Amino acid sequence: MPNKIDCAGCRNPIVAKKHLQCCRCQQPYDLQCANIKLNQFNSMAEDQRAKWKCVVCISKQPKTDNTDTPARVGVEGVNRNRGSAAVSLQDLLEDDRAQSVTMPAKDLQLLIMEVRQFKEEVRAICLQMELLNGTLAALALRNDESDKKIEKLEVHVDLLEDCHADSMNILSRHFFKSTQHVSSIRAPS
Ligand SMILES: [Zn+2]
Ligand SMILES: [Zn+2]
């Protein structure tokens with residue numbers, strides 16, 4: 003008679019050797035109920051198989067139980083979407099939380115307030131910079147306009163100077179003529 007064993011999960015007979023036996027309760031599980039793919043099972047070392055624990059025993063295990071870590075590692079490597087990996091992550095998160103609690107809450111609040119203040123100051127400086135940039139651009143524009151106006155004024159001044167010189171010439175010529183005229187009138191008498 004062949005060695006006939008039934009799966010502790012589904013109660014179906016287990017074929018050949020494709021099953022795992024829990025190292026805690028000694029119950030046999032077929033690969034489906036052990037949640038292990040065939041290639042995973044094939045790549046498991048003999049000692050990994052020996053350290054395998056069923057879901058029932060894992061769920062009975064207290065969260066903080068670190069006494070037999072090798073077994074947990076063995077389960078983790080195979081049974082990824084079951085509890086073990088998630089539990090160790092949870093433990094890590096809890097450790098983190100515990101560490102942050104050990105930092106004085108007052109100091110933390112002060113730090114947060116300071117950071118917030120600093121952020122606001124930086125924002126205000128950025129705003130001022132933008133305003134300054136705008137003012138600078140406007141000033142540059144006005145400077146250009148002023149330069150153009152000055153150029154125009156210079157041209158006007160040149161023109162005026164020319165006009166003035168012409169007028170003076172004309173005036174002096176007229177004056178010279180009138181004095182001649184006056185002396186010619188006076189001469190006969
Ligand atoms: Zn089964
Ligand atoms: Zn078990």
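Per this note's numbering, the sequence shown starts with residue 3, numbered consecutively. The beta carbon of each residue, even a glycine, is placed where N, CA and C say it ideally should be. Treat the numbers as computed from the prediction; the structure is a model and nothing was measured.
Under 8 Å between C-beta atoms of residue i and residue j
i, j, result
"residue 9", "residue 27", "no"
"residue 20", "residue 32", "yes"
Any non-hydrogen atom of ligand 1 within 7 Å of residue i CB
i, result
"residue 56", "no"
"residue 59", "no"
"residue 9", "yes"
"residue 109", "no"
Backbone CA spacing between residue i and residue j [nearest angstrom]
i, j, result
"residue 185", "residue 159", "38 Å"
"residue 123", "residue 143", "30 Å"
"residue 164", "residue 132", "48 Å"
"residue 180", "residue 161", "28 Å"
"residue 183", "residue 168", "22 Å"
"residue 116", "residue 125", "14 Å"
"residue 112", "residue 129", "26 Å"
"residue 127", "residue 64", "56 Å"
"residue 187", "residue 171", "24 Å"
"residue 153", "residue 140", "20 Å"
"residue 81", "residue 34", "Here residue 81 scores only 45 on pLDDT, less than 50, and its place in the model is too uncertain to base an answer on."
"residue 6", "residue 47", "24 Å"
"residue 16", "residue 61", "23 Å"
"residue 24", "residue 36", "10 Å"
"residue 107", "residue 11", "50 Å"
"residue 193", "residue 189", "Since the first and last residues shown for the chain are 3 and 191, residue 193 lies out of range."
"residue 58", "residue 29", "10 Å"
"residue 157", "residue 121", "54 Å"
"residue 75", "residue 40", "For residue 75, the predicted model reports a pLDDT of 46, less than 50, meaning its position is unreliable; a value from the coordinates is still stated below. So the two alpha carbons sit approximately 19 Å from each other."
"residue 42", "residue 53", "15 Å"
"residue 175", "residue 155", "30 Å"
"residue 50", "residue 22", "10 Å"
Heavy atom of ligand 2 within 7 Å of residue i beta-carbon
i, result
"residue 1", "Residue 1 lies beyond the range of the chain shown here (3 to 191); nothing can be said about it."
"residue 2", "A query on residue 2 cannot be resolved here, the shown segment of the chain reaching from 3 to 191 and no further."
"residue 51", "no"
"residue 29", "yes"
"residue 118", "no"
Check your understanding: Which runs of the beta strand (DSSP E), 3 residues or longer, sit entirely within the region 5 to 29?
Key -> 21 to 23
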